[in-house]
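Enquirer: Chains as they are written, first to last, in the numbering used here: chain A, 1 to 253; chain B, 1001 to 1557; chain C, 2001 to 2118.
Below you can see the structure in the form of structure tokens.
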């Protein structure tokens, strides 16, 4: 007989016979199988990360434009940033990402204690990063390098008086350093905001991991958060050379 | 049955027909069951109510604008107030009505059903989308109540950043939030369409409505974040005085425009593509014929999405961009018209030798095809550099975008609402009233906006509330048309609401359409299907439908 | 209503949604992660040292190249994209493509505004 719209058996039953999949209690019923759910979740997180790429992209373009228009001002301003601190932060964040990747592995092989440990290490290093950033921001505050009414360009007009071996800038060029610092605060600040949100989510994940939510095959939240955390890491990987390492050669040219 | 019926409407016998006992509307009771729902259909209804609310506020501002423009003198309101009128009209109509109109209402309701799924991929994010929309709308109303904003919907710097003391930050925040609503809707659609199609539902068996939403969703996900950062920078510029858009500090106001239009041009395709999806469904159903060139129409949706990202500078031709880049973007703008034209041609070829009937959705679809063609062609005029320098910032632009947005998109939205109303509510609206409303809307529209093309060509600038007296006749015609248009939009409000209680019972498939959503009850079950369907035929397969219905029992006793 | 006979592959899944490309959930080992981690640290050191050497116009190019390389290995290994479906790979590519469109097409305006002053 002509089939109209043919129908299937209960999808769960068949899928369980033919797949060796894990039957998890978190399986949402608008999905046919947990694999579909996991892949959809991962795909959804990647789409969200695409929006983040485009969001930061606007700031990166502004940076590209003004660095090229006001190169000297950007160089002088960039040399105010501390390379050791920036490099340390880069290493800290990379390590934090390493531990996050290990956390995903621990969830996949169902080692609960290791999972919690790696999540804790990820979080601690995240806080270390923010601590160093706070210290750097504070230093900028004290030197009056925060853009706005209190911005002070005297260090750039007459660097020798402050013991700096920089090329002095004319006053109007020195004003352009404000653009550099604005981009510095906007980009690292936006990055830090994402980290703070990430740390909040990490606390929640740690609590759930401790309860055993991720030790029986349900790894999607850890996996998808890992994607977010690594993305934040990648943004910093680009911010570090762009903001800190514009022109660190000795003052020879 | 004697002569062939002039309508394909096929209602069940009203003396015995009843709404299905169990459906998504009566599945749960109480306001909270709606406010905390994860059912995509309920969320679609929530959106429908909210966007209708904002539509009428935006429409009220349009009425005030046209009222002022009845006379050449600026005699109704001051300049600043007039600026607030057109700003609020634009912001509300674009961000709070047009962008979510078809995707968030019809798309949310229908996409899972059309592909044979039980819900979207992320139902809770869908609900979050609606709440973000409501928050964005509330912030906009807050800005309105506090005194409004007068930057124009385009927030052009440095006016918005340095020269105005109105509520720019509140409004920019509102759009930022509403933008995330749009992003999450698009994200949900992309994942759903890729990963939740029922067995047998290949890409090329999906209704073209789904293809159109897929393309629009890509634009939502990739474009909206850029306007988000543009607005953040405006807010920071106002709060802190950072200088990115301030020439005295070394910044460039055009940077704002590049970031703003990088989204806002694709935004117009976000608005129109879902409407084109609706038209595909309506034209096919009311010609009883498969859409001509299905593959071409499907790919043209994706092509519009792709090319739409490459043309934004045509909104900035007179703003100080380099002539060389203007040339490049002008050329690219010509290209982006091609896929839209492909769709119009394919719809026309679908109509040819089809069995055409003129129910209300089809009337709106015809309106769409004519008015969108005019609007689209005038867009090509504006894309050519020389013409644009003459015509930009005049009423020609205003007429152009209202032809595509109102004559095009709004008609498509109404076509869709009427087409799927029986499916969503189980009730039919009164056909003669709805046809009358469609005709009134069409006449009102032409009278309102056709004079504006002439006004623009003759040189009347946009965003001014005073004009030389020789333009008055055309302005009066336009305002008269606006009144008629307003009546045309009020009528559906009234009879659609009436139909909820007194309309005829529609049955599963009153239009005898193909498509999985028409093979279930009206209104649908919460879970959409009792068992997940298997798709074993092509899209728009009217032979399959004939075989299916041949065996169906339609009368009891 | 007829029920389909179950074929070899589970029910007529032409769209292949229930097991996308039969992804086998490749689990990346800690040892692989450690190698990537060490590479990332080495590249960080490299970029700091390269910044101190005057290479003229190549300084920013090298810095961006190193950063891009680091980003790519984070994406491929830490984020597992090397072992994911083609859909995920295309999605990542699409994201970076759009970013490049934003940058290069906006740049086309700024570069050509005043030839020679750039």
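All residues carry an ideal CB built from backbone N, CA and C; glycine is no exception.
Under three-state DSSP, which class holds residue 1420 of chain B?
Expert: Reduced to three states, the DSSP call for residue 1420 of chain B is helix.
Enquirer: Based on Cα-Cα distance, which residue from C/2101, C/2105, C/2043 lies nearest to residue 2062 of chain C?
Expert: Among C/2101, C/2105, C/2043, the Cα nearest to that of residue 2062 of chain C is on C/2043.
Enquirer: Grab me the residues of residue 1220 of chain B's own chain with a C-beta within less than 7 Å of its C-beta, minus the 5 sequence neighbours each way, in chain order.
Expert: Once the five neighbours on either side are set aside, the close Cβ partners of residue 1220 of chain B are 1182, 1183, 1185, 1186, 1270.
Enquirer: Taking Cβ positions, are residue 1149 of chain B and residue 1081 of chain B nearer each other than 8 Å?
Expert: Not closer than 8 Å, so no.
Enquirer: Return the bridge partner residues of residue 1428 of chain B from the DSSP annotation.
Expert: Answer by DSSP bridge pairing, in chain order: B/1504.
Enquirer: On the three-pair Cβ rule with 8 Å, is the stretch 179–198 of chain A touching the stretch 1236–1245 of chain B?
Expert: Yes, since at least three Cβ pairs between the stretch 179–198 of chain A and the stretch 1236–1245 of chain B fall closer than 8 Å, the two stretches touch.
Enquirer: Could you check what DSSP says for residue 1534 of chain B in three-state terms: helix, strand or coil?
Expert: Correct three-state label for residue 1534 of chain B: strand.
Enquirer: Does DSSP put residue 1523 of chain B in a helix, a strand or coil?
Expert: Note: residue 1523 of chain B maps to coil in three-state DSSP.
Enquirer: Report yes or no: do three or more beta-carbon pairs, one from the stretch 1224–1233 of chain B and one from the stretch 53–60 of chain A, lie closer than 8 Å?
Expert: With the cut-off at 8 Å, the stretch 1224–1233 of chain B and the stretch 53–60 of chain A touch.
Enquirer: Measuring straight from C-alpha to C-alpha, what distance separates residue 1392 of chain B and residue 1544 of chain B?
Expert: Answer to the nearest angstrom: the Cα atoms are 51 Å apart.
Enquirer: Is the CB-CB distance between residue 2027 of chain C and residue 105 of chain A below 8 Å?
Expert: Yes, the Cβ-Cβ distance between residue 2027 of chain C and residue 105 of chain A is below 8 Å.
Enquirer: Check whether the Cβ atoms of residue 130 of chain A and residue 195 of chain A lie closer than 8 Å to each other.
Expert: Yes, these two residues count as a Cβ contact at 8 Å.
Enquirer: If you reduce the DSSP assignment to three classes, tell me which class residue 1514 of chain B lands in.
Expert: Reduced to three states, the DSSP call for residue 1514 of chain B is coil.
Enquirer: Are three or more beta carbon pairs between the stretch 1427–1441 of chain B and the stretch 1369–1389 of chain B nearer than 8 Å?
Expert: At 8 Å Cβ cutoff, the stretches do not touch.
Enquirer: Which residues, in order along the stretch 2094–2108 of chain C, keep a beta-carbon less than 8 Å from a beta-carbon of chain B?
Expert: Going along the stretch 2094–2108 of chain C in chain order, one finds 2094, 2095, 2098, 2101, 2102, 2105, 2106, 2108 with a Cβ nearer than 8 Å to chain B.
Enquirer: Along the stretch 191–225 of chain A, what residues have a CB closer than 7 Å to any CB found in chain C?
Expert: Answer set for the stretch 191–225 of chain A: empty.
Enquirer: I'd like to check one pair, residue 1144 of chain B with residue 983 of chain B: are the Cβ atoms closer than 8 Å?
Expert: It is not possible to answer for residue 983 of chain B, since the shown part of chain B is limited to 1001 through 1557.
Enquirer: Using the rule of at least 16 other Cβ atoms within 10 Å of the residue's Cβ for burial, across every protein chain shown, is residue 1485 of chain B buried or exposed?
Expert: With 16 or more Cβ atoms within 10 Å of its Cβ, residue 1485 of chain B is classed as buried.
Enquirer: Out of curiosity, what's the CA-to-CA distance linking residue 1538 of chain B and residue 1288 of chain B?
Expert: Straight-line Cα distance between these residues: approximately 15 Å.
Enquirer: DSSP has residue 1394 of chain B in a bridge; who is on the other side?
Expert: DSSP output for residue 1394 of chain B lists B/1461 as bridge partner(s).
Enquirer: Out of A/138, A/116, A/98, state which residue places its alpha-carbon closest to the alpha-carbon of residue 2033 of chain C.
Expert: Answer by Cα proximity: A/98.
Enquirer: Please tell me whether residue 1225 of chain B has its Cβ less than 8 Å away from any Cβ of chain A.
Expert: Chain A contact via Cβ: present.
Enquirer: Below 8 Å, how does it come out for the stretch 1403–1417 of chain B and the stretch 1472–1480 of chain B: are there three or more Cβ pairs, yes or no?
Expert: With a cut-off of 8 Å, the stretch 1472–1480 of chain B and the stretch 1403–1417 of chain B do not count as touching, because too few Cβ pairs lie within range.
Enquirer: Who are the Cβ neighbours of residue 160 of chain A in its own chain at under 8 Å, not counting the five residues just before and after it?
Expert: Here the set comprises 168.
Enquirer: In this structure, does DSSP put residue 1198 of chain B in helix, strand or coil?
Expert: Residue 1198 of chain B falls in the coil class under three-state DSSP.
Enquirer: Does any residue of chain A bring its CB to less than 8 Å from the CB of residue 1008 of chain B?
Expert: Taking Cβ atoms only, chain A never reaches closer than 8 Å to residue 1008 of chain B, which makes this a no.
Enquirer: Go ahead and pull the three-state DSSP assignment for residue 1238 of chain B.
Expert: In the structure shown, residue 1238 of chain B sits in a helix (DSSP, three-state: H, G or I).
Enquirer: Sorted by chain position, which residues of the same chain lie with C-beta nearer than 6 Å to residue 2021 of chain C's C-beta, five sequence neighbours on each side aside?
Expert: Model confidence at residue 2021 of chain C stands at a pLDDT of 49, short of 50, so the residue's coordinates are unreliable; what they give is reported in the following sentence. Around residue 2021 of chain C: 2085.
Enquirer: Please tell me whether residue 40 of chain A and residue 1195 of chain B are closer than 8 Å, where the distance is taken between their beta carbons.
Expert: In this structure, residue 1195 of chain B lies closer than 8 Å to residue 40 of chain A by Cβ.
Enquirer: Find out if the Cβ-Cβ distance for the pair residue 944 of chain B, residue 1523 of chain B is shorter than 8 Å.
Expert: Coverage of chain B is limited to positions 1001 through 1557, which leaves residue 944 of chain B absent and any answer about it impossible.
Enquirer: Could one say the Cβ of residue 1060 of chain B lies closer than 8 Å to chain C's Cβ atoms, at least one of them?
Expert: It does not: the Cβ of residue 1060 of chain B has no partner Cβ on chain C nearer than 8 Å.
Enquirer: Excluding the five sequence neighbours on either side, which residues of its own chain have a C-beta within less than 8 Å of the C-beta of residue 102 of chain A, listed in chain order?
Expert: These residues qualify, in order along the chain: 114, 118.
Enquirer: Among the residues of its own chain, which have a CB less than 8 Å from the CB of residue 227 of chain A, if the five just before and after it don't count?
Expert: So the qualifying residues of the chain are 42, 45, 46, 49.
Enquirer: Just to confirm my understanding: we take residue 1536 of chain B, look at its own chain, exclude 5 residues before and 5 after, and list those with CB closer than 6 Å. What are they?
Expert: If we look at residue 1536 of chain B and ignore the five residues flanking it on each side, its Cβ neighbours are 1200.
Enquirer: Do you know whose CA, among B/1142, B/1491, B/1154, B/1197, lies nearest residue 1170 of chain B's CA?
Expert: Considering only alpha carbons, the answer is B/1142.
Enquirer: Anything in chain B within Cβ reach of residue 2087 of chain C, meaning under 8 Å, just list it in chain order.
Expert: The answer, in chain order, is 1194.
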